[in-house]
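Undergrad: If you're matching them up, the sequences are chains D and B in order. Just so we're aligned, residue 63 is where the first sequence starts under the working numbering, counting upward by one. Just so we're aligned, residue 129 is where the second sequence starts under the working numbering, counting upward by one.
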Amino acid sequence: MLNDKKATELFSKSLDGELTEGEATQLEAHLSNSEAAKAFAELAKTIDKSIVENSGISDSSLGESALSQDAKNRMSDSILRAMEKNSNLAATLLDSNDSPEDQQFALQSPKENQLHDSRETSSPYTIVRKLGEGGLGNVWLARDEKLNRNVAIKEMNSHALESPNAWQRFEREAEITGQLEHPNVVSLYQYGTDRKTGEPFYSMRFVGKRTLADAITEYHDRCLAGKCDPLILHRLLTAFLGVCQAIAYAHSRGVIHRDLKPENVGLDNFGQVMVLDWGLAKVVDDSDLSSQLSGDVELSGEALAETLAGEVIGTPLFMSPEQAAGESVSQQADIYGLGAILFAILTGYAPHEPKKSKTSAPLKIKEVLKDIQKSESPRPRDLRSDIPIELEAICMKAMALKKFARHDTASELANDVERWMVNQGQRQSEYETMRMEGRELRTNTQASVRDLETNVRFMADLPPIQELIRAEYEVGIMTCVGVIADIADPPVAVASGKAVIHFVDGKQHPHPLAMVFIELIQHILLGAALKSAAGGEKAVEQIGRLNAKDYRQVAGADLCSRRLWRQDNTKPALTGATRLSVNIAFHVIGSLNDPVYCHHVITVVAVGLSTYCCGQLAESLLGGGMLYYQP
Amino acid sequence: MPTEQSTPEFWVEQYGDFLFNYAIKRLRDESAAEEVVQETFLNGIKYYSQYSGKGSQQAWLTGILKRKIIDFIRKRNKHQHDQTEGHDPSNHLFDQQGNYHKGASSWTSSPDRNLQSNELWTIVKGCLTHLPQSQADVFTLSVMEELNSDQICKELAITPSNYWVRMHRARLGLANCVGRQWNSNEEAATHAE
């Protein structure tokens, strides 16, 4: 006889087709008797079916998991390394039917990578992945195994290796970068040649992959999405100042970058800015580079020798007019380049890009160069009207068509931008202050209007006070008020106030709000008494504040304090303090939710006010003429 | 063969995700899946001359990958403590007479309820990761790779009885896990209504 456990075992076997005939019969018999075993059998079958259905890869399931780009890069690199370890592997990649051209290409791939692989064995660097590719070479992320840090390695690409000029430029780039020691110029660690191929490479500080171009795109994308953040613009401009300082330093060493653009400015996550890619940099005299670089004398534009006369060098969209014309360039070309970067920060476009993008025709380099030479750049505000005029003026000055019209130095340009940033901060602060004051004024006005409305409504709902007084006369209200009126001594007035309350209430009243009201009466009476003495008005004002505080503590409302601080200073202090007290009284009695009691109280307040202050005051305070007390 | 198709970048870009998907379903571990895919590519390059060109490159690489997965599971099982003894769902499900404890089986709801197949697969996939590795690996090789018991015993160097114990416990564990999640999903759906 099977039990459930044995049955599930048999069923599990049956799914694998391993059941004997006898076992199958036994299983069937058990399943028909045990609901639980049957349920298990059905579910197990469903699970198996689901797994079988999903074990393959359909188009719909392909998106379930995917290799990360990092993983792909790692794989490609490891495969390349494996290929290089076995020189015959390249050949095995080729099908026997491949054309000779194909064979040549396929064989070149590992050869291209021999550079970093053999370097890997002769130097402490382990290649991690490719970071980027330029006209002159490729940049790899590598690990310095000795110092246990990431570095960037730049090497010439196969195309550049065929050009003697490119070799020269590569070496010069390393030399210039190595000798420019500035916090905003990327530090070069090592220059060397591959032992196997003799091809040059150099390692430098790894800043990260993010460039100013990425940050600019991010900022303008946010703006397009309606989430423009002035703080990001401030950061971009701060980074720009760093670039200006690096270029000012390079100029002071007789070096002109000649390829300034956002892509050549590296940013890390901690605000560091690095000017990269000095491959097109020009030095005063190539033959004596080191002496120039080590000198402290700032060289004038005229003194800068032309090394590549007639050759158009740089990135067209950020290029200065003189570069586009293939003329001799001076540090003013870099000033233009800085202006172009500022233009990109402000607008999100390269200076000569917008006009081209409006036409669908592809850009022709010749036309772009001609355009740069002949016409002024578009104004930043033509693209974004919210750009501050002062910043636009700085940008346009740096990008002036005529060299003499630009800033004299990169530092001067940086100063202009920094000055604008500082002024902007001050203006913002002033604006914030004004806005806060305006907001406070508006809040106060609104509160006053609300209070007035509340009081007027409250008073309008009351029966005429005269009627009330007459109605309550017989129960002794007026008598009590009369008693109060005759009391000139504050302590006695307080006692009388309590008596009034108790009398009005007709019984002992322990309610805290009632006690607040007693306090209120005390203060009114005390204030009135003090008023007759020297400095009485000031004392009343203070009492009013005390009163407000007490009320807030007991009743938990802050209305009274708001009212207190909203007193109109142009009116007598007594007016404000008393008005406050009356307002509090209204709220207290409103909270008691007892109309008859409220009537008593308001009557007493009105009488007290009229007696100790004056009838006119009571009139003005209690609803602007809604309440008249005529003794 | 076109030149482009012989470059490592092309292979990784073209087949990487497919192979990774295949591997991760069987190994349930991203880094393990990445490792076997990488080994597949390396082997593919090494033995590229053996590729006849009759089938697709993808199918050829998948063949290599299948082998790599089995190798990986074998290594993993060799280095792992055999958890067969440690995790026996029968302890919780059956009484001393070998019958279900009352209410122990959580798959009492009707299995033919209108459960989307992808929803079920999501539950099954999650439950597979909760199984002990030794059970899940045997189960995967049997159901996903469709290896028979003899092949699996040979590959993993285990006895047939050990194989059946692992398979049975894997099925019980899966049914228990899927049943529980199924019920909780159903309850959630009821509450939502």
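The beta carbon of each residue, even a glycine, is placed where N, CA and C say it ideally should be. In this text, all values refer to a predicted model and were calculated from it rather than measured experimentally.
List the endpoints of the continuous alpha helix (DSSP H) containing Asn116/D.
TA: As a working note, residue 116/D is residue 54 in the first sequence. Unbroken alpha helix (DSSP H) run through Asn116/D: Glu97 to Ser117.
Undergrad: Chain B beta carbons: is any one of them nearer than 7 Å to that of Leu81/D?
TA: Taking the first residue of the first sequence as position 1, residue 81/D is located at position 19. Interface residue (Cβ-Cβ distance to chain B less than 7 Å): Leu81/D is not classified as such.
Undergrad: Is Ile238/D closer than 7 Å to Ile407/D when the C-beta atoms are compared?
TA: As a position in the first sequence, residue 407/D is number 345, starting the count at 1. As a position in the first sequence, residue 238/D is number 176, starting the count at 1. Against a cut-off of 7 Å, the Cβ pair of Ile238/D and Ile407/D comes out as no contact.
Undergrad: Nearest-angstrom Cα distance between Pro378/D and Tyr175/B?
TA: Along the first sequence, read from residue 1 onward, the residue named residue 378/D stands at position 316. Along the second sequence, read from residue 1 onward, the residue named residue 175/B stands at position 47. About 48 Å.
Undergrad: For Asp66/D, decide whether its Cβ has a neighbour in chain B, counting only Cβ atoms nearer than 7 Å.
TA: Your numbering for residue 66/D matches position 4 in the first sequence. Answer yes: the Cβ-Cβ gap between Asp66/D and chain B drops below 7 Å somewhere.
Undergrad: Any C-beta of chain D within less than 7 Å: which residues of the stretch 299 to 311 of chain B qualify?
TA: Arg299, Leu300, Leu302, Ala303, Val306 and Gly307
Undergrad: Less than 7 Å separating the beta-carbons of Val201/D and Ala214/D?
TA: Here residue 201/D refers to the residue found at position 139 when the first sequence is read from its first residue. Here residue 214/D refers to the residue found at position 152 when the first sequence is read from its first residue. Against a cut-off of 7 Å, the Cβ pair of Ala214/D and Val201/D comes out as a contact.
Undergrad: Give the list of continuous alpha helix (DSSP H) stretches no shorter than 4 residues that lie fully inside the stretch 198 to 260 of chain D.
TA: 220 to 223 and 226 to 241
Undergrad: Taking buried to mean at least 16 other C-beta atoms within 10 Å of its own C-beta, is Glu534/D buried or exposed?
TA: Locating residue 534/D in the first sequence gives position 472, counting from the first residue. Residue confidence for Glu534/D is low, a pLDDT of 43 falling below 50, so the modelled location carries little weight and cannot support an answer.
Undergrad: Is Tyr291/B close to chain D, meaning its C-beta is less than 7 Å from at least one C-beta of that chain?
TA: Start at 1 with the first residue of the second sequence, and residue 291/B comes out as number 163. So, not an interface residue.
Undergrad: Counting contacts by CB-CB distance shorter than 7 Å, is Asn95/D in contact with chain B?
TA: Residue 95/D sits at position 33 when you count from the first residue of the first sequence. By this cut-off, Asn95/D is not an interface position.
Undergrad: Please go through the same chain and pick out, in chain order, the residues whose beta-carbon is closer than 6 Å to the beta-carbon of Met272/B, but skip the five residues on each side of it.
TA: Along the second sequence, read from residue 1 onward, the residue named residue 272/B stands at position 144. Arg154.
Undergrad: Using the three-state DSSP reduction, which class does Gly307/B fall into: helix, strand or coil?
TA: As a first step, residue 307/B must be located in the second sequence, where it is residue number 179. Here Gly307/B sits in helix by DSSP.
Undergrad: Which class does Ile173/B belong to by DSSP, given the choice of helix, strand or coil?
TA: Taking the second sequence and counting its residues from 1, one reaches residue 173/B at position 45. Helix, per DSSP.
Undergrad: Mind checking who Glu90/D pairs with in its DSSP beta bridge?
TA: Mapped onto the first sequence, residue 90/D falls at position 28. According to DSSP, Glu90/D bridges with nothing at all.
Undergrad: Exposed or buried, which one is Ala601/D when buried takes at least 16 other CB atoms within 10 Å?
TA: The residue given as residue 601/D occupies position 539 in the first sequence. Residue placement at Ala601/D cannot be trusted, given a pLDDT of 43 that sits under 50; what the coordinates show is reported in the next sentence. Burial call: buried.
Undergrad: Please report the straight-line C-alpha distance between Gly194/D and Asp139/D, rounded to a whole angstrom.
TA: Residue mapping note: residue 194/D aligns to position 132 of the first sequence, counting from 1. Residue mapping note: residue 139/D aligns to position 77 of the first sequence, counting from 1. So the two alpha carbons sit approximately 15 Å from each other.
Undergrad: Between Trp482/D and the rest of its own chain, which residues show a CB-CB distance below 7 Å, the 5 nearest in sequence each way excluded?
TA: Locating residue 482/D in the first sequence gives position 420, where the first residue counts as 1. Contacts found: Glu452, Leu453 and Ile456.
Undergrad: Please list, in chain order, the chain B residues whose beta carbon lies closer than 8 Å to that of Thr70/D.
TA: Counting from 1 along the first sequence, the entry for residue 70/D is found at position 8. By Cβ distance, chain B contributes His296, Arg299 and Leu300.
Undergrad: At a CB-CB cut-off below 7 Å, which residues of chain B make contact with Ile141/D?
TA: Your numbering for residue 141/D matches position 79 in the first sequence. The answer, in chain order, is Pro136, Phe169, Leu170 and Ile173.
Undergrad: Taking C-beta to C-beta, are Arg308/B and Gln263/B nearer than 7 Å?
TA: For this step, residue 308/B is matched to residue 180 along the second sequence. For this step, residue 263/B is matched to residue 135 along the second sequence. No, the Cβ-Cβ distance between Arg308/B and Gln263/B is not below 7 Å.
Undergrad: Going by C-alpha distance, which of Gly401/D, Gln241/D and Val335/D is nearest Val269/D?
TA: As a working note, residue 269/D is residue 207 in the first sequence. Of the listed residues, the one whose Cα sits closest to Val269/D is Val335/D.
Undergrad: Looking at the secondary structure, which residues open and close the beta strand (DSSP E) in which Ser390/D lies?
TA: Translated into the one-based positions of the first sequence, residue 390/D becomes position 328. No beta strand (DSSP E) holds Ser390/D; DSSP gives it neither H nor E.
Undergrad: Whole angstroms is fine: what's the gap from Asp110/D's alpha carbon to Leu284/B's?
TA: Counted from its first residue, the first sequence places residue 110/D at position 48. Counted from its first residue, the second sequence places residue 284/B at position 156. Distance between the alpha carbons of Asp110/D and Leu284/B: 21 Å.
Undergrad: Determine which residues of the stretch 453 to 484 of chain D have a Cβ less than 7 Å from any Cβ of chain B, and write them out in chain order.
TA: Result list empty, no residue passes.
Undergrad: If you check the beta carbons only, do Ala228/D and Leu198/D fall under 7 Å apart?
TA: Residue numbering aside, residue 228/D sits at position 166 when the first sequence is read from its first letter. Residue numbering aside, residue 198/D sits at position 136 when the first sequence is read from its first letter. Taking 7 Å as the Cβ cut-off, Ala228/D and Leu198/D qualify as a contacting pair.
Undergrad: Taking the alpha carbon of Leu300/B as the reference point, which residue from Ser312/B, Ile198/B, Phe267/B and Ala161/B has its own alpha carbon closest?
TA: Numbered from 1 along the second sequence, position 172 holds the residue referred to as residue 300/B. Comparing Cα-Cα distances from Leu300/B to each of Ser312/B, Ile198/B, Phe267/B and Ala161/B, the minimum goes to Phe267/B.
Undergrad: Using only alpha-carbon positions, find the residue among Arg443/D, Gly388/D and Ala462/D that is nearest to Lys432/D.
TA: Counting from one through the first sequence, the residue named residue 432/D turns up at place 370. Looking at the Cα atoms, Gly388/D is the closest of the given residues.
Undergrad: The beta strand (DSSP E) with Phe73/D in it runs from where to where?
TA: Residue 73/D sits at position 11 when you count from the first residue of the first sequence. Careful: Phe73/D lies outside any beta strand (DSSP E), inside the alpha helix (DSSP H) at Asp66 to Leu77.
Undergrad: Can you give the Cα-Cα distance for Arg231/D and Gly240/D, rounded to whole angstroms?
TA: Within the first sequence, the letter at position 169 stands for residue 231/D. Within the first sequence, the letter at position 178 stands for residue 240/D. Rounded to whole angstroms, Arg231/D to Gly240/D spans 14 Å at the Cα level.
Undergrad: So which of Leu248/B, Asn227/B and Ile201/B has the shortest CA-CA distance to Gln261/B?
TA: Along the second sequence, read from residue 1 onward, the residue named residue 261/B stands at position 133. For Gln261/B, the nearest C-alpha among the options comes from Ile201/B.
Undergrad: So is Leu105/D buried or exposed if we call it buried at 16+ other beta carbons inside 10 Å?
TA: Position 43 of the first sequence, counting from 1, holds the residue named residue 105/D. Counting Cβ neighbours within 10 Å, Leu105/D comes out buried, since at least 16 surround it.
Undergrad: With three or more beta-carbon pairs closer than 8 Å as the criterion, would you say the stretch 303 to 318 of chain D touches the stretch 460 to 475 of chain D?
TA: Yes, the stretch 303 to 318 of chain D touches the stretch 460 to 475 of chain D.
Undergrad: Out of curiosity, what's the CA-to-CA distance linking Asn95/D and Pro288/B?
TA: Numbered from 1 along the first sequence, position 33 holds the residue referred to as residue 95/D. Numbered from 1 along the second sequence, position 160 holds the residue referred to as residue 288/B. Spanning the two alpha carbons is a distance of roughly 29 Å.
Undergrad: Report the neighbours of Val114/D on chain B: residues whose CB is nearer than 7 Å to its CB, in chain order.
TA: Within the first sequence, residue 114/D is the residue found at index 52, counting from 1. Listed along chain B are Val271, each with a C-beta nearer than 7 Å to that of Val114/D.
Undergrad: Does the beta carbon of Phe200/B sit closer than 7 Å to a beta carbon anywhere in chain D?
TA: In the second sequence, residue 200/B corresponds to position 72, counting from 1. So no, Phe200/B is outside the interface.
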